[in-house]
Amino acid sequence: MTGTLSTSSQSTRIGATKYRATLRRTLIACVALTFVLLVAIVATALIGSERLPRTATLCALASLGRSACGLTSDQFDILFQIRLPRILLAAAVGGSLATAGASYQALLRNPLAEPYLLGISNGAAVGTMTALVFFGANEWSRPLLAFAGALVATFAVYRLARGRAGATPERLILAGVIVTTFLSSVIVFVTTMMDVTRIRSFTFWLLGDLSSTSEALLPLSIVIAVAGTVLLTANARSLNLLMLGERDAFDLGVEVGRVRITVFLVASLLVGSSVAASGSVGYVGLVVPHLVRLSLGSDNRLSIPAAAIGGALFVIVADSVARTLIAPRELPVGAITALIGAPLFIYLLRRN
Amino acid sequence: MIKYGDLLAVDGVSLALNPGDVTAIIGPNGAGKSTLLRALNGYLHTSAGTVTLDDQPVERFSRRTIGRHIAIVAQEAELRFPVTVIEFVLGGRYAWATNAAWGWETQNDLQVVEAVLAETELTRLSGRLMNELSGGERQRAVLARALATEAQVLLLDEPTANLDLSHQSSLLSVVRGRCDNQKVAALFVTHDINLAAQFADVVLLMKDGRTVESGRPTDVLRPEVLEQVFGVRVLVDAHPISGAPRVTPVHT
């Protein structure tokens with residue numbers, strides 16, 4: 001009996017948490033990141049072209065909008081009708097894109113895989129535009145067709161990238177370039193059919209724009225971001241093995257086909273819903289999972305939920321920069337994320 | 001136990017793996033050795049013939065069940081993400097996961113992995129990243145992951161291809177130990193006839209997808225048979241220490 005006990009205590013010591021992810025570490029990381037996220041939400045709610053009194057704003061936020069705490073009705077509306085929905089949308093979009101990126105990377109065994117670079121965001125954009133042109137009145141058609149577009153683009157890239165020797169990282173990126181440019185020309189074609197007044201807002205939207213939050217789509221984006229992250233995290237242990245090779249994963253007992261379909265569907269849904277709400281915000285799915293893996297390791301059970309929260313944080317901060325840098329004018333948030341993401345992409349490509 | 005029927009690239013090969021036995025498949029390049037191995041765990045489908053596990057066709061089992069019964073040591077794959085040795089080896093416990101543990105390894109999983117790391121002399125390296133290891137150490141980690149599955153059938157695809165002399169025999173000694181102590185049935189594909197002669201109980205000699213000879217090393221590794229299969233003159237004598245057949249090509 002003593003022997004067994006000493007073995008088990010030794011196990012705990014040698015299988016040290018330092019070298020591998022554990023449930024405990026995951027919970028600690030996620031709680032800590034959530035705390036930072038909440039701080040960021042409150043902090044960025046205070047920033048903007050219109051100055052809000054700090055104490056009253058904090059008090060109103062703490063009451064979750066039930067009390068105005070001395071804010072004027074204009075200030076109250078700015079806070080709860082404009083700023084907070086935009087911040088929450090940024091969180092949903094960031095979380096969705098980072099989770100999707102982390103999952104694509106694990107599934108495709110490629111640290112460079114990213115919804116925007118693979119053309120999946122463009123697929124969703126074509127879907128959204130189709131919805132706008134043909135079913136403009138129906139708000140729900142946008143995320144639905146965006147999802148369909150993302151899914152089609154995902155499969156197209158996947159098929160194109162698969163050579164006889166499997167998909168090399170370079171081949172996947174090339175397939176992404178092909179799909180992206182093809183879909184870009186489709187986007188240009190659809191844009192020319194629009195009237196001139198809409199073209200500018202469209203171009204802005206294409207670069208990633210969080211300013212036009214729809215009241216109906218915001219809750220949908222949040223629900224999809226959370227549910228998608230939970231679903232992908234549930235497949236994280238399988239993704240851990242897929243990350244090391246499809247055949248290895250198969251040998252070790254992973255139902256490779258089922259996991260692949262699940263990830264494609266859920267990740268496309270995440271990309272679709274965020275593109276429908278905010279256009280193509282690029283590089284989030286590259287920057288965030290990379291930083292998460294760098295600091296917390298490659299175990300997807302930890303890195304997927306951490307990337308979700310980190311992605312939310314990243315886009316909230318990027319959007320605050322986008323709306324304050326040249327205030328009262330705004331930059332598209334996608335310009336800010338690309339500014340950070342593109343150099344990182346080059347770094348990763350060189351290191352590969 | 002596995003019995004094997006037919007396969008397109010491999011035809012008319014029949015083989016049974018018995019608990020405690022080490023079987024070696026040898027033969028020229030393209031003989032269908034690795035194909036045969038891949039069919040045994042269901043990765044490749046057989047067009048005719050059957051693979052049976054405990055007298056049941058292998059297709060009847062779920063991937064998870066097969067993963068608990070048959071482990072593969074593949075040739076080294078490229079790693080694109082930083083993974084520590086212990087994380088890598090814990091991958092072998094995947095098929096044992098229950099929902100009760102929320103997808104996390106249980107204390108039992110950790111104990112199994114600890115024991116396997118000790119068995120493959122990797123305990124010291126368990127916190128290191130896989131891509132920091134030498135080729136020999138990495139191949140040991142691949143073996144450790146396969147052993148962590150606690151599978152009763154172990155299939156090894158050229159496990160010693162990139163290893164130096166001492167690593168070759170230490171790796172196969174671990175396999176031999178498993179077979180002797182835990183009645184595991186092991187099958188390894190190799191190009192090294194002498195390694196097969198030294199470690200295997202049964203040798204299966206293949207050419208063009210067919211069995212040429214099968215049996216104990218001393219019965220199979222005869223000069224006339226080897227010359228016919230490999231097209232080169234060979235000298236076969238007894239190893240001075242182990243007494244196993246020793247094959248040397250003769251260049252004239």
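First to last, the protein sequences are chains X and B. For the first sequence, the numbering used here begins at 1 and goes up steadily by one. For the second sequence, the numbering used here begins at 1 and goes up steadily by one. Beta carbons are placed, not taken as given, at the ideal position from N, Cα and C, and that holds for glycine.
(message) Considering only their Cβ atoms, is the gap separating T337/X from G406/X smaller than 7 Å?
(response) Here chain X covers residues 1 to 352 and nothing more, so residue 406/X does not appear.
(request) Report, in whole angstroms, the separation of the C-beta atoms of V51/B and A141/B, which I expect to be a contact under 8 Å. (result) The Cβ separation is near 28 Å, so there is no contact.
(message) Counting only C-beta atoms, is E255/X closer than 7 Å to chain B at any point?
(response) yes
(message) Taking 7 Å as the threshold (beta carbon to beta carbon), is L265/X in contact with chain B?
(response) no
(request) Could you check the C-alpha separation between V116/B and L110/B for me, to the nearest Å? (result) 10 Å
(request) Give the residues of chain C in contact with R20/X, contact being defined as C-beta atoms less than 7 Å apart. (result) Here chain C cannot be found, since the structure's protein chains are X and B.
(request) May I ask which residues mark the beginning and end of the beta strand (DSSP E) holding I25/B? (result) 22-26
(message) Short of 8 Å in beta carbon distance, which residues of its chain neighbour R374/X, apart from the five on each side in sequence? Order them along the chain.
(response) Chain X is shown from 1 up to 352; residue 374/X falls before or after that span and cannot be answered.
(message) Whole angstroms are fine: how far does the CA of D208/B sit from the CA of M1/B?
(response) Caution applies to M1/B, whose pLDDT of 31 falls short of 50 and renders its modelled position unreliable; the model cannot decide the point.
(request) Leaving out five residues on either side along the sequence, give the residues of the same chain with a beta carbon under 6 Å from the beta carbon of L8/B. (result) Only weak support exists for where L8/B lies, its pLDDT of 43 falling under 50; the value from the coordinates is given anyway. Here the set comprises S47.
(message) Tell me which residue opens and which closes the beta strand (DSSP E) that E137/B is part of.
(response) That residue, E137/B, is in no beta strand (DSSP E); its alpha helix (DSSP H) goes 135-148.
(request) Please determine if the stretch 119-126 of chain X and the stretch 149-158 of chain X are in contact, where contact requires at least 3 C-beta pairs separated by less than 8 Å. (result) yes
(request) Verify whether the separation of the beta carbon atoms of V250/B and N194/B is less than 7 Å. (result) no
(message) When you compare the CB of A151/B with every CB in chain X, is at least one pair closer than 7 Å?
(response) no
(message) Please tell me whether A29/X and L270/X are closer than 7 Å, where the distance is taken between their beta carbons.
(response) no
(message) By the 9 Å beta-carbon criterion, what residues does the stretch 280-310 of chain X contribute toward chain B?
(response) R293, L294, G297, S298, D299, R301
(message) With H, G and I counted as helix, E and B as strand and the rest as coil, what does DSSP make of L220/X?
(response) helix
(request) Step through the CB atoms of chain B and report whether any lies within less than 7 Å of the CB of F250/X. (result) yes
(request) Decide if G136/X is buried, meaning its Cβ has at least 16 other Cβ atoms within 10 Å, or exposed. (result) exposed
(request) Scan the stretch 101-115 of chain X for residues whose Cβ lies nearer than 9 Å to a Cβ of chain B and list them as they occur along the chain. (result) Q105, A106, R109, N110, P111
(request) Within 10 angstroms of the Cβ of T229/X, are there 16 or more other Cβ atoms? Answer buried if so, exposed if not. (result) buried
(message) Less than 7 Å between the beta carbons of C175/X and A153/X, yes or no?
(response) Here residue 175/X turns out to be Ala, not Cys, going by the sequence shown. No, the Cβ-Cβ distance between A175/X and A153/X is not below 7 Å.
(request) Give, in chain order, every residue of the stretch 129-151 of chain B whose Cβ lies closer than 8 Å to some Cβ of chain X. (result) R145, T149
(message) Tell me whether the stretch 67-75 of chain B and the stretch 134-150 of chain B touch, counting them as touching only if at least three CB pairs, one residue from each stretch, are closer than 8 Å.
(response) yes
(request) State the start and end residues of the unbroken alpha helix (DSSP H) segment that holds I66/B. (result) 63-69
(message) Alpha carbons only, please: which of A16/B, R80/B, E78/B, L40/B is nearest the one belonging to D157/B?
(response) L40/B
(message) For the stretch 12-37 of chain B, list every residue whose C-beta sits within 8 Å of some C-beta in chain X, in sequence order.
(response) none
(message) Does the stretch 304-318 of chain X come into contact with the stretch 101-108 of chain X, if we say contact requires no fewer than three beta-carbon pairs (one atom in each stretch) closer than 8 Å?
(response) yes
(message) So for G282/X, helix, strand or coil by DSSP?
(response) coil
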